[in-house]
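A short write-up of the structure that comes next.
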Amino acid sequence: MAKVTVDGIEVEIANGSSVLQAAEAAGKEIPRFCYHERLSVAGNCRMCLVEIEKVPKPVASCGQPVADGMVIFTDTENVRKSRRGVMEFLLINHPLDCPICDQGGECDLQDEAVSYGRDTSRYEEGKRAAAQPDWGPLVKTTMTRCIHCTRCIRFSTEIAGVPELGATMRGENMQVGTYVDKALSSELSGNLIDLCPVGALTSKPYAYTARSWELRKTDSVDVLDAVGANIRIDARGAEVLRVLPRLNDDVNEEWLGDKSRFSVDGLKRRRLDRPWLRENGKLRAASWEEVFAAVTNKIKASKPERLGAIAGDLVDVESMLALKEMFTSLGSPNLDCRQDGALFDATQRGFYLFNTTIAGIEEADALVIIGSNPRHEAPVLNARIRKRWLAGHFAAALIGVPHDLTYPTTHIGSGPDAVTALLDGTHPFAEVLKAAKKPMLILGAGALARPDGAAIHAAAWKLAAQFNMLNDDWHGFNVLHHAAARTGALDIGFLPGPGGKSTAQMLAGGVDILWLLGADALDTQAIGADTFVIYQGHHGDAAAARADVILPGAAYTEKDGTYVNTEGRVQQGFLAVKPPGDAREDWRILRAISAYMGHALRYDTLQELRAHLAQTYPAFALTGELRRLAGANLAAPAGDPAAVSAVPFEPVFDNYYQTDPISRASPTMAACVEAHYPNLAEAAQ
Amino acid sequence: MNANIEPTDFVFDAAAEAAVAKAIARYPAGKQASAVMALLDIAQRQMERLTGTAWVPRLAMDVVAQRLGIAPARVYEIATFYTMYNTKPVGKYHLQVCTTTPCWLRGSDEVVSSCKKVTGIEGFGQTSEDGLFTMTEVECLGGCVNAPILQINDDYYEDLDAARTEALLNELKSGAPLPPAGSSIGRQASAPVTNQTALLNNTKPVE
């Protein structure tokens with residue numbers, strides 16, 4: 004520890020910290036453009052100048068390590084004068100286009116110019132011109148505004164692992180760009196917009212839409228993958244305009260995947276904003292009364308064991324609990340949340356959670372990925388693995404489709420039989436795992452949605468047990484889900500009850516009435532022609548087209564909802580805007596219809612529902628926090644590890660950008676598919 | 040092969056491969072990326088050998104990146120940063136005129152106007168119509184003692200004035216090979232123009 008004095012305040016700080024960090028520890032704010040705590044230090048903007056006793060010249064505090072006894076001044080006349088000088092140079096080539104710049108109002112340069120800028124410019128020569136390269140459908144470039152802080156270059160190289168950006172040319176001609184015009188091939192490219200301290204990189208879909216001070220900001224949780232990234236929803240009036248990441252070091256740090264960030268324009272399109280009823284083969288608009296009556300009559304006329312419900316990927320826990328309890332009171336055991344048809348032992352929480360936790364990845368020293376592409380299924384989590392790899396002494400192996408995961412992996416095999424090769428020790432990576440102190444494995448949820456899913460589950464657990472992954476203080480067995488609703492659904496047991504039917508059995512004519520709660524990822528063609536389908540959801544996607552009754556629900560931005568991420572972390576999102584038209588929050592619809600049927604659920608408010616939830620399932624008592632499970636002395640899940648087949652794993656998604664009803668309705672995501680998967684876009688047309 | 044378009048393919052030829060292997064071998068294992076500048080130079084010289092114009096096409100940068108296992112963007116950064124790598128085709132003779140203060144004081148403006156006059160080039164960065172000459176303005180070449188300097192391809196031509204520059208370029212234009220490099224007034228290395236002024240008597244150094 005070094006003891007330093009900042010403006011007369013004594014602070015103790017770890018050796019190797021920078022002067023800037025010491026100043027922050029003392030509560031002094033240092034202006035900066037290029038410095039970012041999650042990126043390497045560049046030291047090229049010179050805005051963070053401070054004075055240090057016995058040093059003749061001002062020092063860039065971001066790159067200067069502290070020394071014991073250092074006396075630092077952050078606010079002397081000399082410091083202010085130096086920063087004013089830096090600011091004047093930065094503004095020489097910066098255009099005066101703040102009134103038409105999307106960064107206006109949330110621009111670091113604008114803010115610092117208030118403190119350190121001159122009232123007028125002394126520069127009379129021509130300003131630098133710059134080409135406006137095309138970086139794809141998400142990031143809009145205005146390179147005349149660039150101040151060459153190189154944050155975007157460092158982010159894409161270090162965090163995203165896609166080193167496509169560089170600073171070409173030199174001096175005044177320096178250009179930040181890709182040199183060859185191309186769309187950025189990262190799933191995290193939206194973060195460049197947040198990182199850019201000026202308006203050089205702004206959001207293309209959000210261009211000229213709103214000013215930051217017009218927006219109503221609501222904290223929420225992302226549901227487009229199972230990471231549960233913390234987000235802030237910015238809305239104006241009844242419209243969600245953008246989604247930004249919120250800081251949470253345990254989950255997403257401060258990053259957000261492009262799908263989660265840019266899909267919001269899908270929330271305005273293809274919405275179900277009123278109830279619909281199928282009459283004579285055609286859907287017609289109906290009133291809530293009519294659809295309630297239709298549903299009640301149908302259900303009353305049917306036997307309870309011929310009723311079935313399937314929960315989708317984006318649904319909140321409250322709605323699923325309400326649906327489950329309604330079905331239980333009707334006497335039906337036919338419930339399933341695994342619309343992908345996965346069949347595996349979910350009797351213990353540890354069997355289906357990401358037990359190591361996302362932050363825990365940083366402790367691991369070896370990793371086996373089985374049947375998953377974390378870069379597409381959970382880009383933020385993949386960035387965490389890359390962060391671990393960058394720190395060194397980390398070996399990763401992959402079983403499944405080979406991908407560029409932004410860190411090197413040893414490809415062990417394409418099918419689950421490769422797990423056997425590790426168990427037998429016939430593959431050299433087994434030695435690496437044996438030598439590792441904290442090895443972990445990631446089992447993709449997609450790998451479980453196969454006929455031999457239970458066997459793969461058991462084989463992966465056996466691998467974990469054999470290679471020291473299950474200890475008192477370390478749980479290295481992880482299931483990576485790709486559906487935000489799945490963990491919560493498994494937690495509340497949204498699964499077939501005694502004698503109940505699974506998704507496949509329900510689809511294959513096992514039920515007469517099928518209630519789809521936002522379930523869009525199943526094969527609607529497989530639903531029997533005689534099955535009466537009730538679709539409750541927010542988008543007119545595949546399942547709504549098949550439905551006989553449509554109950555318009557709320558999207559994740561339009562309701563207070565609880566979601567459990569793949570780690571088992573219970574998080575709450577808040578209502579940012581009201582659902583459109585006649586659409587209502589899903590649990591309310593279920594509460595109302597249950598009363599209509601004479602089986603009224605016993606909660607009238609969300610608070611009562613949540614209290615009931617926490618009481619019935621203790622895991623929900625703790626919100627936001629996460630207790631890591633110990634891995635020692637656990638019984639193995641059911642399934643025969645030897646029964647795995649040699650059929651190669653297949654990717655869960657054919658592309659990253661369109662995977663759910665919201666992103667499928669989003670024009671921005673469609674543009675991304677066109678840019679990154681031209682073959683798919685062509686096939687869709 | 041038309042020298043003025045981006046080639047469709049770039050591979051190091053046998054001569055270049057030998058140089059590449061030598062350059063990479065200079066650095067310890069795992070630090071091959073250090074050879075990037077040498078490899079770019081080898082690529083530029085190969086282009087000169089094969090097409091008559093010394094430049095590094097983007098394809099060649101990609102080949103260098105692949106060979107060294109680094110991101111292409113890192114190679115683009117280096118190739119565009121250093122002015123000695125030409126990212127666009129240049130003429131057979133690349134006239135690099137130094138216009139920094141010492142050369143300018145000693146008459147680099149004359150050299151520039153002579154270059155323009157002989158080659159028909161109107162400004163820096165342009166190539167003459169016959170494709171023989173490209174004129175580039177460069178910063179200090181470090182030959183200030185013999186200013187003004189004109190660097191043609193790899194060689195320095197020193198102590199130039201308008202007439203001698205014109206004579207030199209006309210010679211090149213007529214198809215003659217590059218004359219010996221160095222001072223155009225017969226000065227020995229960087230000795231004083233007014234002949235030797237110091238150490239005139241052969242006194243032995245004091246012991």
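Chains as they are written, first to last, in my numbering: chain A, 4 to 688; chain B, 40 to 246.
Each residue gets a CB set at the ideal place from its N, CA and C atoms; glycine is no exception.
{"Asked": "Proximal chain B residues relative to Arg173 of chain A, where beta-carbon distance stays under 7 angstroms", "Found": "Phe120"}
{"Asked": "Chain-ordered neighbours of Thr181 of chain A on chain B, where CB pairs are closer than 8 angstroms", "Found": "Ala112"}
{"Asked": "Ala448 of chain A vs Ala486 of chain A beta-carbon contact at 9 angstroms", "Found": "yes"}
{"Asked": "Closest by C-alpha distance to His541 of chain A, when choosing among A:Leu554, A:Asp533, A:Ala548 and A:Ala550", "Found": "A:Leu554"}
{"Asked": "Beta-carbon contacts of Lys6 of chain A that lie in its chain and below 7 angstroms, excluding the five residues immediately before and after", "Found": "Glu13, Glu15, Asp71 and Gly72"}
{"Asked": "Run of the beta strand (DSSP E) containing Lys6 of chain A, from where it starts to where it stops", "Found": "Ala5 to Val9"}
{"Asked": "Contact with chain B by Gly240 of chain A, beta-carbon distance below 9 angstroms", "Found": "no"}
{"Asked": "Bridge partner(s) assigned by DSSP for Asp368 of chain A", "Found": "For Asp368 of chain A, which the question treats as bridged, DSSP gives no partner whatsoever."}
{"Asked": "Partner residues on chain B for Val170 of chain A, Cβ-Cβ distance less than 7 angstroms", "Found": "The amino acid at residue 170 of chain A is misidentified as Val; the sequence shows Ala. In chain order: Glu116."}
{"Asked": "Collapsed DSSP secondary structure at Ile373 of chain A in the structure displayed", "Found": "strand"}
{"Asked": "Any non-hydrogen atom of the ligand SAH closer than 8 angstroms to Asp348 of chain A Cβ", "Found": "Among the components modelled here there is no ligand, and therefore nothing to report on the ligand SAH."}
{"Asked": "Cβ neighbours of Lys465 of chain A in the same chain (closer than 6 angstroms, five flanking residues each side left out)", "Found": "Pro644"}
{"Asked": "Under 9 angstroms by beta carbon: chain B residues contacting Glu190 of chain A", "Found": "Those do not exist, as Glu190 of chain A stays about 18 angstroms from chain B at its closest Cβ, beyond 9 angstroms."}
{"Asked": "Simplified DSSP state of Gln135 of chain B, which is helix, strand or coil", "Found": "strand"}
{"Asked": "Exposure label - Met50 of chain A; buried when at least 16 CB within 10 Å", "Found": "buried"}
{"Asked": "Contact set between Glu167 of chain A and chain B, taken where Cβ atoms lie within less than 9 angstroms", "Found": "Ala110, Pro111 and Ala112"}
{"Asked": "Any C-beta of chain A under 9 angstroms from that of Arg97 of chain B", "Found": "yes"}
{"Asked": "Reference Ala633 of chain A, options A:Thr569, A:Phe397 and A:Leu473, closest by Cα", "Found": "A:Leu473"}
{"Asked": "DSSP beta-bridge partners of Gln235 of chain B", "Found": "Note: Gln235 of chain B sits in no beta bridge, so no partner."}
{"Asked": "Three-pair Cβ contact test at 8 angstroms for the stretch 574-585 of chain A versus the stretch 219-229 of chain A", "Found": "yes"}
{"Asked": "Neighbour flag for Thr160 of chain A against chain D, beta carbons, 9 angstroms", "Found": "The structure shown contains no chain D; the protein chains it does contain are A and B."}
{"Asked": "8 angstroms contact criterion, which Leu280 of chain A and Val650 of chain A should meet: CB distance rounded", "Found": "That pair is no contact at about 43 angstroms."}
{"Asked": "Continuous alpha helix (DSSP H) stretch holding Leu78 of chain B: start and end", "Found": "Val75 to Thr90"}
{"Asked": "Range covered by the beta strand (DSSP E) that runs through Asp414 of chain A", "Found": "According to the sequence as given, residue 414 of chain A is His; it is not Asp. Note, His414 of chain A: beta strand (DSSP E), Thr413 to Gly416."}
{"Asked": "Coarse secondary structure for Leu204 of chain A, derived from DSSP in three states", "Found": "strand"}
{"Asked": "Length of the line joining the Cα atoms of Asn41 of chain B and Arg106 of chain B", "Found": "In this prediction, Asn41 of chain B has a pLDDT of 43, which is less than 50 and means its spatial position is unreliable; nothing more can be read from the coordinates."}
{"Asked": "Residues near Val676 of chain A by beta carbon distance below 7 angstroms, same chain, minus five either side", "Found": "Asn658, Tyr660, Gln661, Leu683 and Ala684"}
{"Asked": "Endpoints, beta strand (DSSP E) assigned at Asn481 of chain A", "Found": "Phe480 to Leu483"}
{"Asked": "Same chain, Cβ closer than 6 angstroms to Phe656 of chain A, five either side skipped, listed in chain order", "Found": "His379 and Thr662"}
{"Asked": "Segment contact flag, the stretch 301-321 of chain A with the stretch 334-342 of chain A, C-beta cutoff 8 angstroms, min 3 pairs", "Found": "yes"}
{"Asked": "Three-state secondary structure assigned by DSSP to Trp258 of chain B", "Found": "In this structure chain B extends from 40 to 246, so residue 258 of chain B is not present and cannot be described."}
{"Asked": "Proximity below 9 angstroms, CB of Phe36 of chain A to CB of Leu99 of chain A", "Found": "no"}
{"Asked": "Assigned exposure category for Val58 of chain A - 16 Cβ within 10 Å defines buried", "Found": "exposed"}
{"Asked": "Other residues of its chain near Ala433 of chain A: CB distance less than 7 angstroms, five sequence neighbours each side excluded", "Found": "Leu425"}
{"Asked": "Residues bridged to Ser223 of chain A [DSSP beta-bridge criterion]", "Found": "A:Ile234"}
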